[in-house]
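For reference, the structure is listed below as structure tokens.
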Amino acid sequence: NDNGLGAFIHHNMEIVGYFQRQGISFGPENYVPFHFAPSLFIQPGWRSLIENRSILIVTGTNLEKECRIRETLSKMGAGLVQFLPISSSSSLTDRLDLSKVREKVDVCLVAAGIGSANVLRQLEPLNTLSVDIGGLMNCFVDRKARQHGGVIGLPKF
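Going by the numbering used here, the sequence shown opens with residue 61, and the numbers climb by one from there.
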């Protein structure tokens with residue numbers, strides 16, 4: 061699979077089957093996925109994390125996606141937006157070249173799949189807030205997108 065996307069499909073199939081065999085109802089009435097870190101960027105107060113901030117994006121991307129991410133963040137009020145590209149398929153073993161980060165970073169947004177821990181550890185020398193936002197990164201590419209079971213999307217701005 062692509063950088064861990066779908067990594068839990070097998071597990072989910074087993075757990076859903078277990079719930080069915082046990083007679084456990086599982087749906088929107090009794091389950092809401094909770095993703096704390098990405099939700100910081102969609103709840104009231106998100107502006108303090110984005111507006112006038114120098115933002116570093118660390119994810120596997122291409123020029124078109126970078127343009128869309130930069131445009132979305134600019135419309136949200138971000139200051140400088142920099143990119144530090146990583147592999148889109150092997151972030152677990154990527155080695156970052158922090159010398160490519162040219163300006164001071166206020167907030168670093170990471171989407172590296174199963175390699176996020178590896179990436180976040182390597183960002184420590186930047187001495188800044190670094191957040192694994194996972195699938196929320198897709199919402200910066202497509203502002204209408206919803207992630208994490210459809211419960212997370214960008215705020216109105």
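For glycine and all other residues, C-beta sits at the position ideal for the given N, C-alpha and C.
Is residue 165 near residue 186, with beta carbons less than 7 angstroms apart? yes
Cβ-based burial, residue 153 [other Cβ within 10 Å; buried from 16]: exposed
How do the segment 119 to 135 and the segment 94 to 109 stand: do at least 3 beta-carbon pairs fall below 8 angstroms, yes or no? no
Are residue 140 and residue 114 closer than 7 angstroms when you measure CB to CB? yes
Can you find the residues in the same chain that come closer than 6 angstroms, C-beta to C-beta, to residue 178, ignoring five residues on each side of it along the sequence? 152
Of all the options 138, 174, 76, 207, which has the alpha carbon lying nearest to the alpha carbon of residue 117? 138
Express the C-alpha separation of residue 77 and residue 162 in angstroms, rounding to a whole number. 50 angstroms
Could you check if residue 110 is buried or exposed, using at least 16 other CB atoms within 10 Å of its CB as the buried criterion? buried
Return the Cβ separation of residue 133 and residue 200 in integer angstroms, given the expectation that the two are a contact with Cβ distance under 8 angstroms. 7 angstroms
Need the endpoints of the alpha helix (DSSP H) that residue 176 sits in, please. 176 to 182
Residue 190 (DSSP reduced to helix, strand or coil): strand
Can you give the Cα-Cα distance for residue 217 and residue 173, rounded to whole angstroms? Computed Cα separation, rounded: 27 angstroms.
Below 8 angstroms on the Cβ atoms is my contact criterion, and I expect residue 194 with residue 98 to pass it. Report the Cβ-Cβ distance as a whole number of Å. 6 angstroms
Would you list the residues sitting across from residue 168 in a DSSP beta bridge? 116, 190
Helix, strand or coil at residue 61 [DSSP, three-state]: In this predicted model, residue 61 has a pLDDT of only 34, less than 50, meaning its place in the structure is not dependable; the value taken from the coordinates is given anyway. Residue state, collapsed to three classes: coil.
Grouping DSSP H, G and I as helix and E and B as strand, with all else coil, what is residue 79? helix
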